[in-house]
Amino acid sequence: MISRTWMARAFLVVAVAVLCFGVAYPREREPNGSYAERRARLRAQVDAPVVIFGFTGKEDASPSYIFGQEESFYYLTGHNEEGAVLVLLPNGGLKPAAPPEKSDSGPKEILFLPPRNKLVERWNGPRLGPDDPGIAEKTGFAVVEPYARLKDELERLAKDYIYFYTLLPGQNEAGYPHRATWSNWLRQNFPMMNLRDVSPPINAMRQIKSPSEMVVLGRAIELSADAHLEAMKMIRPGLFEYEVAARMEYVHKRGGAEREGYAPIVGAGFNSTLLHYNGVRAQIQDGDLVLMDVACEYGGYSADITRTVPANGKFTPRQREIYEIVLAAADAAIAAIKPGVTLGGNTPGSLQKIAYDIIDSRGKDKEGHSLGRYFIHGLGHHIGLNVHDPGVPGRALEPGMVITVEPGIYIPGENLGVRIEDDVLVTETGYKVLSARVPRTVEEIEKLMAEAKKKGN
Ligand code: GLY
Ligand code: MN
Ligand code: MN
């Protein structure tokens, strides 16, 4: 029989384990050399040490939380475990903020890892520890130190430099305390040091995807395309929105995706007009349009795909009219993609303006207004480690960028919302639509749905 004392102890262990670490699963990752090359490029752009804190696993108290690394930390390390810290020294490419003779000694890159905890590992599985044999080869860092040594190392550096680069809280991060917590920790422990934001150079690098990143992101897009095809084949009146979402999530998970890239949006009828509708509870009615903005995260990278289809397999004339205006806007914007063009802004030649001008010059609402007023969001954004990856407004497109093109028209008074969203790689000479195999035209969609009906899907 289990004694009360034992049970109390066991409870404590569980509580500690749960409090200390969430679950972290291994991801497909790029070769260590890809992360090392990024670190080298960052070190060439800074003139003081960079200190970046990974997530601790305590960012989310929800029991269903699955650990996913802080994005910029992951981008530079490929390390998807809790409680790690990255320290990089400038490589001298810029004028150092300290006398160079002082800053030349010691390692230039250190990965700090928490000690292994056998008790917690019984619950959550093994982690990498600083003293593991072969840790340098595993992580791609020549120097891996215990977390307990971090403060000493920073104290040493604080003697040589007048500031640290770290991730500082941005305007949009008020509700996400990671950056505030750790920049405050640096301020409290090193009050003599100024802090500078390391986000701009990292964000600029993240916008250009490397070939090895494209392998992982490409897998996220392929799995998401598979899910859209499955959804199109199953949709019919009487199903609930969540049944469609569930099938799509199943396809993602079955293909190895860790999680959704964002909360799935499956909206029928009026719900198709709600941009980020996450209710996903309603029953699909005959005559509805069903908007599906659903995509997965694979290897940390998120796709972002939207399709809009008629619940009964056949667009009404009005649905078709609006759908084809959105499609024309998407096609025109995509056709204009090439290096040098800008994505956003209302400037001549921007993709946003190309799409808006088409939407606003074709068709009318029931009151006779042009339709531009119903295109109420930006045309697109970068994707990558975040579904809304960093993008510098106004930066001209360059080869290697991956953006979404997602015009939409949402008319609540007609229960009619249409969005078509594709993921597009900018190439040297133009573009490549990475989600192209998901049907987009009225004919393609109606054909696929009719065939599925015939087969009894
Ligand atoms: N799925 C979110 C977006 O399209 O931006
Ligand atoms: Mn999007
Ligand atoms: Mn989307």
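Residue 617 in the working numbering sits at position 441 of the sequence shown; the count goes up by one each step and never skips. For every residue, glycine included, the Cβ atom is placed at its ideal position computed from N, Cα and C.
Span of the alpha helix (DSSP H), counted from its first residue to its last, around residue i
i	result
Y352	Neither: Y352 is in no alpha helix (DSSP H) and is coded neither H nor E.
G166	This structure leaves residue 166 out entirely; the chain is present only between 177 and 633.
F249	E247 to T253
V391	P387 to M410
I501	P493 to A511
M424	E417 to R430
Y532	L527 to S537
L164	This structure cannot speak to residue 164, because the chain is shown only from 177 to 633.
V296	K294 to N300
I311	I311 to T315
When the options are compared against residue i, the one with the closest alpha-carbon
i	options	result
M410	R395, A396 and V427	V427
E285	F231, P309, I242 and R214	R214
K608	V470, D541, P515 and I498	P515
Q459	E419, I585 and T482	E419
K314	L343, I397, H255 and Y341	H255
C472	E497, E434, E500 and P306	E434
L641	E398, E297, P291 and L343	Residue 641 lies beyond the stretch modelled for the chain, which goes from 177 to 633, so this question has no answer here.
V263	R217, E204, Y341 and V392	Y341
G489	T253, D462, I338 and T357	D462
G560	R325, Q383, E425 and G244	Q383
R203	N360, P266, E590 and K429	K429
V618	E543, E497, G606 and L527	E497
G209	R412, H553 and F317	F317
P306	R298, N300, W299 and R292	R292
F249	P266, E235, F231 and P283	F231
K529	K540, E543, H553 and A224	H553
S386	T605, P207, A626 and Y586	P207
G445	D464, E436 and G282	D464
N591	N447, K542 and R217	N447
I579	G414, P566 and D533	P566
Contact test: residue i Cβ vs ligand 1 heavy atom, cutoff 7 Å
i	result
Y438	yes
E206	no
Y469	A small fix is needed here, since residue 469 is Asp in this sequence, not Tyr. Yes, ligand 1 has a heavy atom inside 7 Å of this Cβ.
Beta-carbon contacts of residue i that lie in its chain and below 6 Å, excluding the five residues immediately before and after
i	result
D402	V427
R494	none
R549	none
K335	none
D373	L344
P290	G259 and Y323
I621	V485 and P615
V205	Inspection of the sequence shows that residue 205 is occupied by Arg rather than by Val. Excluding sequence neighbours, R205 sits near G254.
G431	L399
Distance cut-off 7 Å: residue i Cβ against heavy atoms of ligand 3
i	result
E417	no
E425	no
D541	no
Contacting residues, own chain, Cβ-Cβ under 8 Å from residue i (five flanking each side not counted)
i	result
A531	A505, A506, A508, A509, F551, L555, V581 and P583
R457	F416, E417 and Y418
R538	I501, A504 and L547
Y251	Y211, R214, I378, M381, R382 and L561
A512	G525, L527 and I530
G632	none
Residue i CB to nearest heavy atom of ligand 2 below 7 Å
i	result
E597	yes
D565	no
H452	no
T580	yes
H557	yes
D480	yes
Same chain, Cβ closer than 7 Å to residue i, five either side skipped, listed in chain order
i	result
H564	H557
L450	G443
S388	E206, P207 and S210
Boundaries of the beta strand (DSSP E) in which residue i is found, first to last residue
i	result
G443	I441 to A444
P377	Premise fails: P377 lies in the alpha helix (DSSP H), S375 to R382, not in any beta strand (DSSP E).
E543	Run containing E543: none; DSSP gives neither H nor E here.
V618	It is not in any beta strand (DSSP E) - V618 instead sits in the alpha helix (DSSP H) that spans V618 to K631.
I286	E285 to L289
L330	That residue, L330, is in no beta strand (DSSP E); its alpha helix (DSSP H) goes L326 to A334.
G593	L592 to R595
T580	V578 to V581
P615	Run containing P615: none; DSSP gives neither H nor E here.
E257	Where E257 is concerned, there is no enclosing beta strand (DSSP E), given that its DSSP letter is neither H nor E.
M368	Where M368 is concerned, there is no enclosing beta strand (DSSP E), given that its DSSP letter is neither H nor E.
Cβ-heavy atom distance, residue i to ligand 5, below 7 Å
i	result
Y453	Among the ligands modelled here, namely ligand 1, ligand 2 and ligand 3, ligand 5 does not occur.
Inset, instruction - Could you tell me whether the stretch 511-521 touches the stretch 569-580, where touching means 3 or more Cβ pairs closer than 8 Å? - result: Verdict: yes, contact present.
Inset, instruction - Evaluate the contact criterion for the stretch 462-470 versus the stretch 408-425: three or more CB pairs, one atom per stretch, below 8 Å. - result: Contact between the stretch 462-470 and the stretch 408-425 is present: three or more C-beta pairs spanning the two stretches fall below 8 Å.
Inset, instruction - Count the C-beta pairs between the stretch 595-603 and the stretch 475-485 that are closer than 8 Å, then say yes if the count reaches three, no if not. - result: yes
Legend entry - Three or more C-beta pairs below 8 Å linking the stretch 367-375 and the stretch 323-341: yes
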